[in-house]
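In my numbering, the protein residues as written are 13 to 155.
Structure first, commentary second.
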Amino acid sequence: MFPSVILSTEEIAALTGFRQPAKQLKELHKHGFWRARRLPTGAIILERAHYEAVCRGHLGSPNSAEEARQREADAADVEAELALQRWAEKRRLRLEQLAADRARKAAELAAESARKAEQRARKASQKAQGSGPRPPSASSRSG
């Protein structure tokens, strides 16, 4: 008869010295069996192949579970930092776009104001030229 793919509950209890699943899992992780996990039912499972590999020294060390958790935490920190950098870059680009839009709008308003001022100056100049002494018209000379 072939052994099961996973260690039995009795084997896990004998290996860890505990019957309580939480203590079993902690003990397994402490000794490098980082693939040990808890099922939704509360039972602890550990694949026999992983158990044998760790026992042969091919996988894990007493600190491998902690090292794996630290690597995951470091990876999460890096991902969070990258996400923050992406957000900051998008924000910077958006602020630059808003500043460019405001500058364009200000330039348009200045151009419109200058155009209106030029029109007013032209009208004033035309009015000033037209209000001076008028040459006598043909109708006023015939009288």
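Backbone N, C-alpha and C fix where the C-beta goes; we use that ideal spot for every residue, glycine too.
Note that the coordinates shown come from a computational prediction; the quantities given were computed from them, not determined experimentally.
Residue 31 sits in coil when the DSSP states are folded into three classes, being neither helix nor strand. The count of Cβ pairs closer than 8 Å, one atom from the region 81-88 and one from the region 101-117, stays below three, leaving the stretches out of contact. Taken through DSSP and simplified to helix, strand or coil, residue 83 comes out as helix.
The shortest CA-to-CA distance from residue 23 to any of 70, 56, 38, 81 is the one to 56. Under DSSP, residue 18 forms a beta bridge with 59.
When the Cα atoms are used, residue 141 and residue 132 turn out to be separated by approximately 14 Å. Under the three-state reduction of DSSP, residue 134 is assigned to helix.
As the crow flies, the alpha-carbon of residue 26 is around 14 Å from that of residue 18. Taking 8 Å as the upper bound for CB-CB distance, residue 34 and residue 40 are not in contact here, some 11 Å apart.
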